């Protein structure tokens, strides 16, 4: 692919900067391919990125896309945050140009590294981190990349490839990755999400199913035996299927009575030694154990990796106790299903901070989980009126507007000693913050300041 682009002598258009767009531009310029990179955003951070890319020989526009220039390109590399109906992508599609994700570009430029492709609605980041950590603990050279934060193009450009890459893949990345062919594929679960971007649930699931687009007899697939939507998706997928379950016996399963994580008949780890909250993290650990075993880790060495793993920031992350109240940062939960999982992980009464930019799904599925233990929901951000409309009358709801300090003050006032305060917004962060990390960092800093 990249050789044909070079031979054409034409520019490659990179649409959207951020980590992915910057990494793609750097990789293309390393191969002396002319690049036109553009982003509708502006600001100091983007200006600094643009200056760096111009120094590398790329042409960069901020605050606009030159659609005519994009139409003349040989191909388009797109960042995952750019929706498929954005003008530069519709212009490129009308011109018949190939459109590929940054992760797809990076994959085509890997040398010997093999990828464990990990997707699903929830649990992707924790599972990806677990896979990388457990493999490293087993003495296998591994890195994590993709949607987890480090672009795959950076790994390819630096030329210091590990043996394995734990590769987190969003549905947006899978949509534009025709060459992506992981050695092992892992699907954590499926639930409604991103309905602000997709026209239907079937369309969203269709992008998730692209993980299996190159399925063949030698393929290895690790999937959730407890999830009906997952089971339906993989029923006719070619390859060897390995399953994990927290409900029944499977290739990896949770012995609830004995409180043990199991690989077949062999106990991996007592539940109490896994330093993560909630059944969902037991499922993530089982999935990661299967992936690590398939990548060559000896089963006897899995326990050390699981035992030494630390909670991922922004994912049901305990911050500290203040006046007997445990504050938990789950800013990464940007959909209702993920918030359901976080709520289920708590054993205390709690105050739930719910809000941000609405993503299209109703909040009413939370009601059965909230009625028994939730003291109150603090609704905030653009979604505040929708949260209140869906929950008022079933759960106490306090509205806190768009002042995050007021949100935290309300939570502190409502929580009692022995409770938890859970930031698990079920919404994106873009109404009040740059991303979910900034939201979680603000939360953590405010709690520590208490």
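Numbering (the numbering used here), first residue to last: 2 to 451.
Here a beta-carbon is modelled for each residue, glycine too, at the ideal position from N, C-alpha and C.
This structure is a prediction, so every number in the text was calculated from the model and none was measured.
**Request:** Below 6 Å CB to CB, which residues in the same chain sit around residue 182 once its five sequence neighbours on both sides are set aside?
**Result:** Taking the chain shown and counting its residues from 1, one reaches residue 182 at position 181. So the qualifying residues of the chain are 215.
Go ahead and pull the three-state DSSP assignment for residue 32.
The residue labelled residue 32 in the question sits at position 31 within the chain shown. Coil, per DSSP.
* **Proximity winner among 386, 343, 441, 382, relative to residue 421 (alpha-carbon distances)** => As a position in the chain shown, residue 421 is number 420, starting the count at 1. Answer by Cα proximity: 343.
Open item on the list: When you compare the CB positions of residue 272 and residue 127, do they come within less than 8 Å of one another, or not?
Closed with: Along the chain shown, read from residue 1 onward, the residue named residue 272 stands at position 271. Along the chain shown, read from residue 1 onward, the residue named residue 127 stands at position 126. No, the pair does not count as a contact, with Cβ atoms beyond the cut-off.
Considering residue 207, what are the terminal residues of the alpha helix (DSSP H) in which it resides?
Mapped onto the chain shown, residue 207 falls at position 206. Residues 202-209.
Best match in 451, 399, 225, 267 for proximity to residue 352 [C-alpha to C-alpha]: For the purposes of this step, residue 352 is taken as the residue at position 351 of the chain shown. Comparing Cα positions, the closest option is 399.
ask   = Leaving out five residues before and five after residue 349 in sequence, what residues of the same chain have Cβ atoms less than 8 Å from its Cβ?
value = Working through the chain shown from its first residue, we reach residue 349 at position 348. So the list reads 327, 374, 419, 420, 421, once near-sequence residues are dropped.
Quiz prompt | Local conformation of residue 285 per DSSP, three classes | solution = Numbered from 1 along the chain shown, position 284 holds the residue referred to as residue 285. The answer is helix: DSSP assigns residue 285 an H, G or I state.
By DSSP, does residue 127 sit in helix, in strand, or in coil?
-> For this step, residue 127 is matched to residue 126 along the chain shown. DSSP places residue 127 in helix when its eight states are reduced to three.
request  = Report the three-state DSSP secondary structure of residue 272 (helix, strand or coil).
outcome  = In the chain shown, residue 272 corresponds to position 271, counting from 1. In the structure shown, residue 272 sits in a helix (DSSP, three-state: H, G or I).
_Among 190, 247, 278, the one whose alpha carbon lies nearest that of residue 264_ = Here residue 264 corresponds to residue number 263 of the chain shown, with the count starting at 1. With distances taken between Cα atoms, residue 264 lies closest to 247.
Worksheet entry | residue 124 versus residue 357 - alpha carbon distance | Translated into positions along the chain shown, residue 124 becomes position 123. Translated into positions along the chain shown, residue 357 becomes position 356. The straight-line gap from Cα to Cα measures roughly 20 Å.
Of the listed residues 402, 377, 95, 90, nearest to residue 414 (C-alpha basis)
In the chain shown, counting from the first residue as 1, residue 414 sits at position 413. Selected option, being the one with the closest Cα: 377.
- Message: Going by beta-carbon coordinates alone, are residue 341 and residue 329 separated by less than 8 Å?
- Response: In the chain shown, the residue the question calls residue 341 occupies position 340. In the chain shown, the residue the question calls residue 329 occupies position 328. No.
ask   = Which runs of the beta strand (DSSP E), 3 residues or longer, sit entirely within the segment 180-247?
value = 185-188, 221-225, 241-246
Minimum C-alpha distance to residue 172 - residue among 155, 166, 192, 162:
What you label residue 172 is simply residue 171 of the chain shown in a count that begins at 1. Looking at the Cα atoms, 192 is the closest of the given residues.
- Tell me whether residue 522 sits in a helix, a strand or coil according to DSSP, three-state version. Because the chain here runs from 2 to 451, residue 522 falls outside it and cannot be looked at.
Classify residue 434 as helix, strand or coil using the three-state DSSP reduction. Residue 434 sits at position 433 when you count from the first residue of the chain shown. Three-state DSSP puts residue 434 in coil, outside helix and strand.
| Selected residue, minimal CA-CA separation from residue 141, among 405, 293, 325 | In the chain shown, counting from the first residue as 1, residue 141 sits at position 140. With distances taken between Cα atoms, residue 141 lies closest to 293.
For residue 405, report the span of its alpha helix (DSSP H) as first-last.
Stepping through the chain shown from its first residue, residue 405 is reached at position 404. From DSSP, the alpha helix (DSSP H) with residue 405 extends over 405-415.
task: Please look up how many angstroms separate the CB atoms of residue 354 and residue 412, rounded, as I've assumed it's under 8 Å.
output: For the purposes of this step, residue 354 is taken as the residue at position 353 of the chain shown. For the purposes of this step, residue 412 is taken as the residue at position 411 of the chain shown. That belief holds up - the Cβ atoms of residue 354 and residue 412 are roughly 6 Å apart, short of 8 Å.
If distances are taken between C-alpha atoms only, which option among 66, 44, 153 comes closest to residue 37? In the chain shown, residue 37 corresponds to position 36, counting from 1. When only C-alpha atoms are compared, the closest one is 66.
inquiry  = For the pair the segment 92-102 and the segment 144-151, tell me if three or more CB-CB distances fall below 8 Å.
reply    = no
Checklist line | 6 Å CB neighbourhood of residue 60 in its chain, flanking five on each side removed | finding: Within the chain shown, numbered from 1, the residue matching residue 60 stands at position 59. 37, listed in sequence order.
**Helix, strand or coil at residue 118 according to DSSP, with G and I counted as helix** = On the chain shown, residue 118 is found 117 positions in, with the first residue counted as 1. Strand at residue 118.
Review point. Taking just the CA atoms, how far does residue 321 sit from residue 306?
Key: Here residue 306 corresponds to residue number 305 of the chain shown, with the count starting at 1. Here residue 321 corresponds to residue number 320 of the chain shown, with the count starting at 1. Approximately 24 Å, taken between the alpha carbons.
Notebook entry, point to check: Roughly how many whole angstroms lie between the Cα atoms of residue 137 and residue 161?
Noted result: Residue mapping note: residue 137 aligns to position 136 of the chain shown, counting from 1. Residue mapping note: residue 161 aligns to position 160 of the chain shown, counting from 1. Cα-Cα distance, rounded: 16 Å.
### Residues bridged to residue 451 (per DSSP)
Against the chain shown, residue 451 aligns to sequence position 450. The partner list for residue 451 (beta bridge, DSSP) is empty, contrary to what the question assumes.
Report task. For the alpha helix (DSSP H) holding residue 424, just list the boundary residues, first then last. Result -> Stepping through the chain shown from its first residue, residue 424 is reached at position 423. No alpha helix (DSSP H) holds residue 424; the beta strand (DSSP E) holding it covers 421-424.
For residue 393, name the three-state secondary structure that DSSP assigns.
The count along the chain shown starts at 1 and reaches residue 393 at position 392. Coil at residue 393, not helix or strand.
Pop quiz: residue 167 and residue 302 are said to be a contact at Cβ under 8 Å. What is the actual Cβ separation, rounded to whole angstroms? On the chain shown, residue 167 is found 166 positions in, with the first residue counted as 1. On the chain shown, residue 302 is found 301 positions in, with the first residue counted as 1. Contact doesn't hold; Cβ gap of about 17 Å is too wide.
Handout entry: In chain order, each beta strand (DSSP E) run of at least 3 residues that lies wholly inside the segment 322-409
Key = 326-330, 351-356, 375-381, 398-400
### Alpha carbon of residue 274 to alpha carbon of residue 308, nearest angstrom
Along the chain shown, one-based indexing puts residue 274 at 273. Along the chain shown, one-based indexing puts residue 308 at 307. Their Cα atoms are separated by approximately 6 Å.
- Query: Exposed or buried, which one is residue 8 when buried takes at least 16 other CB atoms within 10 Å?
  - Reply: For the purposes of this step, residue 8 is taken as residue 7 along the chain shown, with counting starting at 1. Burial call: exposed.
Check whether the Cβ atoms of residue 428 and residue 333 sit closer than 8 Å, and answer yes or no. For the purposes of this step, residue 428 is identified with residue 427 of the chain shown, where counting begins at 1. For the purposes of this step, residue 333 is identified with residue 332 of the chain shown, where counting begins at 1. For residue 428 and residue 333, no; Cβs fall outside 8 Å.
May I ask you to verify whether the segment 73-91 touches the segment 109-119, counting CB pairs closer than 8 Å and requiring at least 3?
no
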